[in-house]
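Visitor: The structure is given below, and queries will be raised subsequently.
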């Protein structure tokens, strides 16, 4: 927890430094976060001696060495994070948690998901608005902070093992400021009927904040689990969410992971979801991105053992000057695994989309069956997409296909609908909605699917994408 | 109901219809026959309002108004229906949702109350029986993964639900086996009435064994070269199209 001293210092200096530090150069950028880290550390009471803190120290070191990526790096060629790097974000780890009214939270909850929801404000767990529900024996659904307090050893057996800090600047920056997030542990055979909702709200309008929630989901064999991660803002526009979620999927376990990114349109969001799948497991990941100014979303799965399947679906809806970048990796490390991937974008205004889909088929991954599709609907002349399928195949007995389409609505389809009496504008909206519906229909969590239907109907109107509040 | 006078139309500067005149009254069934490339489907497309075709000359009056001034959706709301030769697949839009949206747009235009879900379902149930439409197809996305026959049947099913005044059936018989042809034809026959008219565009006489037309017109090179009763179709079946061509040419040179 943040110490009173650290908090006070953070506040007074944050404001002053803000103005001086606009347009920090690369050295100033890493110095800034190292200094913030040092201040946080100096306010710790004994925690700085823990193994967890060693992990953080290694992570800030890793970040200091690399700094923020530039467009000279292949992985970041289409996404310039300079606007993010320039801002001296104050890590929220030692900032006060703003008070939220009940209605500020409730409007982001689902009436149909009442059993297990964990609410985080600026990355910090808010017990009074959360519900942990009744759980089967041995199952833990709690905040990461509380899990670390209870049994740091148990958590550290997994934490940052699957998405290590040296994966890149953003995972490193997240790991440096690991403090809270969601922790789910399911022993063998545990089945959670109702989806677990992890709600992340950004709030407060003082300093630009760096939010670093960290989620860890560990499942044994034969489990069933659905997780819904949603991201929203209340009275806040200037912040960076830099989240990392790690999922370990046990043998024969079935997981659905749905993520809805509806951040403030001026905010930044960088997310990493790293999945590791054991034998004969199944993962369905649905990633829906509608908010944010610059967004980089990474979903990566390692098919580590035989007979596993993953489905990665994505939908981006953008307008104005939004940039939504989806990077995915499916690593077929072993034989007899299947993967299905479909990422779609609907881009209007001067928005930009990026899709980079890597599929690795390792030497031993015979009988791999992988299918990747990327489809983009451009609703304006100024919207652009950079799409890059990247298949690296080292096995010979495999089936891998990929395809990308970019275009406008199909005139034949529009005419067909109009010939039945439907207005041209309505016909276009219906088709645009159908384009998106292809992804939304893959969400099995019904309350979420219903919410997405409403959200998309609001955003896709009159042949345009409308901005979110 | 429909009066076409000296209609010229084409696509990207190439004239396909070269002066069509045709008059259709309520209660009539007309068959338009002709060899491939004669302009049959172009005529159907122009009447339905497909914007890729340009009309260079002529008039089309439909119930006293200039049809060519109306958008495709306005034509549909005024009771015109085109059964497509190649029905379009629309992934992500369920047949039911599509049809309900269409029907309610038409009803609204007519000043009728929109149907609620229960009323709509009852109507759909009744009409799907008429064309022996498989219930499981109703909730599937429009035409997606349908067989050729299922697509054509879906066209007639839509026609049954939307209850048009003037139906244009563009080669609805092509690609159908004999059973599907019979079912589609029976569906059309049940929709025949004093108040509405049907135009069958077809290459073969086969369909006309099941849907007996009042008039048959032969379209060749963008013109109606011969009109007659149902017996003309039998003559065409027997002798092909060439004799008409020869006849018109010899008449022309005489």
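Chains as they are written, first to last, in our numbering: chain Y, 1 to 469; chain D, 1001 to 1254.
All C-beta atoms, glycine included, are put in the ideal place defined by N, C-alpha and C.
Quick caveat: nothing in here was measured; it's all calculated off a predicted structure.
Of all the residues that make up the stretch 406-431 of chain Y, which are near chain D by a beta-carbon distance shorter than 9 Å?
Guide: Cβ contacts with chain D come from 410, 411, 412, 413, 415, 416, 417, 418, 419, 420, 421, 422, 423, 424, 426, 427, 430, 431.
Visitor: Touch check for the stretch 199-216 of chain Y and the stretch 306-322 of chain Y: three-plus C-beta pairs under 8 Å?
Guide: Output reads no: the stretch 306-322 of chain Y does not touch the stretch 199-216 of chain Y.
Visitor: What does residue 437/Y touch in chain D if you count any residue whose Cβ is under 7 Å from its own?
Guide: Position 437 of the first chain holds residue 437/Y. Per Cβ cutoff of 7 Å: 1092.
Visitor: Just checking: is the beta-carbon of residue 1198/D within a distance shorter than 9 Å of some beta-carbon in chain Y?
Guide: Translated into the one-based positions of the second chain, residue 1198/D becomes position 198. Output row for residue 1198/D: interface = no.
Visitor: Would you mind sorting residue 101/Y into buried or exposed? The rule is 16 or more other CB atoms within 10 Å of its CB.
Guide: Taking the first chain and counting its residues from 1, one reaches residue 101/Y at position 101. Answer is exposed; the Cβ neighbour count stays below 16.
Visitor: Whole angstroms are fine: how far does the CA of residue 338/Y sit from the CA of residue 42/Y?
Guide: To locate residue 42/Y, count along the first chain from 1; it is residue 42. To locate residue 338/Y, count along the first chain from 1; it is residue 338. Those two C-alpha atoms are separated by around 49 Å.
Visitor: For the beta strand (DSSP E) that residue 1091/D lies in, which residues bound it at each end?
Guide: Along the second chain, read from residue 1 onward, the residue named residue 1091/D stands at position 91. 1090-1094 is the span of the beta strand (DSSP E), which, as asked, contains residue 1091/D.
Visitor: Could you tell me which of 318/Y, 373/Y, 55/Y, 332/Y sits nearest to residue 343/Y, measuring between CA atoms?
Guide: For the purposes of this step, residue 343/Y is identified with residue 343 of the first chain, where counting begins at 1. Here the closest residue by C-alpha is 373/Y.
Visitor: In whole angstroms, give me the CA-to-CA distance for residue 432/Y and residue 1089/D.
Guide: In the first chain, the residue the question calls residue 432/Y occupies position 432. In the second chain, the residue the question calls residue 1089/D occupies position 89. Taking the straight line joining both Cα atoms gives about 14 Å.
Visitor: Check the DSSP bridge columns for residue 1223/D and list the partner residues they point to.
Guide: As a working mapping, residue 1223/D is identified with position 223 in the second chain. Note: residue 1223/D sits in a beta bridge opposite 1220/D.
Visitor: Checking the sheet assignment: what are the DSSP bridge partners for residue 1010/D?
Guide: The residue given as residue 1010/D occupies position 10 in the second chain. Partner(s): 1015/D, 1054/D.
Visitor: Please list, in chain order, the chain Y residues whose beta carbon lies closer than 9 Å to that of residue 945/D.
Guide: Examination of residue 945/D is not possible in this model, given that chain D is present from 1001 through 1254 alone.
Visitor: Could you name each continuous beta strand (DSSP E) segment of 3 residues or more that falls completely within the stretch 317-346 of chain Y, going from the start of the chain to the end?
Guide: Counting whole runs of 3 or more residues, the stretch 317-346 of chain Y contains the beta strand (DSSP E) stretches 323-332.
Visitor: Label residue 19/Y either buried or exposed according to how many other C-beta atoms from any shown protein chain fall within 10 Å of its C-beta, with 16 as the threshold for buried.
Guide: If you number the first chain from 1, residue 19/Y lands on position 19. In this prediction, residue 19/Y has a pLDDT of 43, which is less than 50 and means its spatial position is unreliable; what the coordinates show is noted afterwards. Flag for residue 19/Y reads exposed.
Visitor: Is there a Cβ of chain D sitting closer than 9 Å to that of residue 340/Y, yes or no?
Guide: Counting from one through the first chain, the residue named residue 340/Y turns up at place 340. Answer no: the Cβ-Cβ gap between residue 340/Y and chain D never drops below 9 Å.
Visitor: Rounded to whole angstroms, what is the Cα-Cα separation between residue 7/Y and residue 149/Y?
Guide: In the first chain, counting from the first residue as 1, residue 7/Y sits at position 7. In the first chain, counting from the first residue as 1, residue 149/Y sits at position 149. Summary for residue 7/Y: the model assigns pLDDT 32, below 50, so the residue's position carries little reliability; its value from the coordinates is reported in the next sentence. Their Cα atoms are separated by approximately 21 Å.
Visitor: Verify the CB distance criterion: does residue 316/Y have a CB-CB separation below 9 Å to chain D?
Guide: Stepping through the first chain from its first residue, residue 316/Y is reached at position 316. For residue 316/Y, the answer is no, since every Cβ of chain D falls outside 9 Å of its Cβ.
Visitor: What number of angstroms, rounded off, separates the C-alpha of residue 1019/D from the C-alpha of residue 434/Y?
Guide: Mapped onto the second chain, residue 1019/D falls at position 19. Mapped onto the first chain, residue 434/Y falls at position 434. If I take the Cα positions, the gap works out to 41 Å.
Visitor: Between the alpha carbons of residue 1048/D and residue 461/Y, how many angstroms are there, rounded?
Guide: Within the second chain, the letter at position 48 stands for residue 1048/D. Within the first chain, the letter at position 461 stands for residue 461/Y. Roughly 26 Å separates the two Cα atoms.
Visitor: Which residues in chain B have a C-beta closer than 9 Å to the C-beta of residue 1015/D? List them in chain order.
Guide: Within the model displayed, chain B is absent; protein chains Y and D are what it includes.
Visitor: For chain D, check one thing: does any of its Cβ atoms lie closer than 9 Å to the Cβ of residue 441/Y?
Guide: Here the question's residue 441/Y lines up with position 441 in the first chain. So, interface residue.
Visitor: Quick check on residue 12/Y: does DSSP put it in helix, strand or coil?
Guide: In the first chain, counting from the first residue as 1, residue 12/Y sits at position 12. Interpretation of residue 12/Y is limited by its pLDDT of 34, a score under 50 that renders its predicted location unreliable; no figure is taken from the coordinates.
Visitor: In angstroms, rounded to a whole number, what distance separates the CA positions of residue 457/Y and residue 341/Y?
Guide: Reading the first chain from its first residue, position 457 is the one you call residue 457/Y. Reading the first chain from its first residue, position 341 is the one you call residue 341/Y. The straight-line gap from Cα to Cα measures roughly 24 Å.
Visitor: Let me check understanding here. Comparing Cα to Cα, which of 1244/D, 1154/D, 1194/D, 1009/D lies closest to residue 1040/D?
Guide: Along the second chain, read from residue 1 onward, the residue named residue 1040/D stands at position 40. The shortest C-alpha separation from residue 1040/D is found at 1009/D.
Visitor: Going by the CB atoms, is the gap between residue 291/Y and residue 269/Y shorter than 9 Å?
Guide: Here residue 269/Y is taken as the residue at index 269 of the first chain, counted from 1. Here residue 291/Y is taken as the residue at index 291 of the first chain, counted from 1. Against a cut-off of 9 Å, the Cβ pair of residue 291/Y and residue 269/Y comes out as a contact.
Visitor: Mind checking who residue 358/Y pairs with in its DSSP beta bridge?
Guide: Position 358 of the first chain holds residue 358/Y. Looking at the DSSP assignment, residue 358/Y forms a beta bridge with 329/Y, 390/Y.
Visitor: If contacts are defined as beta-carbon pairs under 8 Å, then residue 1208/D and residue 1161/D qualify, I think. What distance do you get, rounded to the angstrom?
Guide: Within the second chain, numbered from 1, the residue matching residue 1208/D stands at position 208. Within the second chain, numbered from 1, the residue matching residue 1161/D stands at position 161. Contact doesn't hold; Cβ gap of about 25 Å is too wide.
Visitor: Counting Cβ pairs closer than 8 Å, one from the stretch 1173-1188 of chain D and one from the stretch 1130-1142 of chain D, do we hit at least three?
Guide: Touching, yes.
Visitor: Going along the chain, which residues of its own chain have a beta-carbon closer than 7 Å to the beta-carbon of residue 1150/D, five neighbours each way excluded?
Guide: Numbered from 1 along the second chain, position 150 holds the residue referred to as residue 1150/D. So the qualifying residues of the chain are 1137.
Visitor: Please list, in chain order, the residues of the stretch 1026-1041 of chain D that have any C-beta partner in chain Y closer than 9 Å.
Guide: Residues passing the 9 Å Cβ filter: none.
Visitor: Roughly how far, in whole angstroms, is the beta-carbon of residue 250/Y from the beta-carbon of residue 278/Y, given that I think they are within contact range, below 8 Å?
Guide: Counting from 1 along the first chain, the entry for residue 250/Y is found at position 250. Counting from 1 along the first chain, the entry for residue 278/Y is found at position 278. The pair is a contact, with the Cβ atoms about 5 Å apart (cut-off 8 Å).
Visitor: Using a threshold of 9 Å, state whether the C-beta atoms of residue 414/Y and residue 427/Y are closer than that.
Guide: Taking the first residue of the first chain as position 1, residue 414/Y is located at position 414. Taking the first residue of the first chain as position 1, residue 427/Y is located at position 427. Yes.
Visitor: Got a sec: which bits of the stretch 1144-1155 of chain D sit with their beta carbon under 7 Å from any beta carbon on chain Y, in order along the chain?
Guide: Hits within the stretch: zero.
Visitor: According to DSSP, residue 310/Y sits in a beta bridge with which residue or residues?
Guide: The residue labelled residue 310/Y in the question sits at position 310 within the first chain. DSSP lists 283/Y, 339/Y as partners of residue 310/Y.
Visitor: DSSP three-state label for residue 430/Y, please.
Guide: Against the first chain, residue 430/Y aligns to sequence position 430. In the structure shown, residue 430/Y sits in a helix (DSSP, three-state: H, G or I).
Visitor: Which runs of the beta strand (DSSP E) spanning at least 3 residues fall entirely within the stretch 181-263 of chain Y, listed in chain order?
Guide: Runs of the beta strand (DSSP E) inside the stretch 181-263 of chain Y: 182-186, 196-203, 209-211, 214-219, 224-234, 239-249, 254-261.
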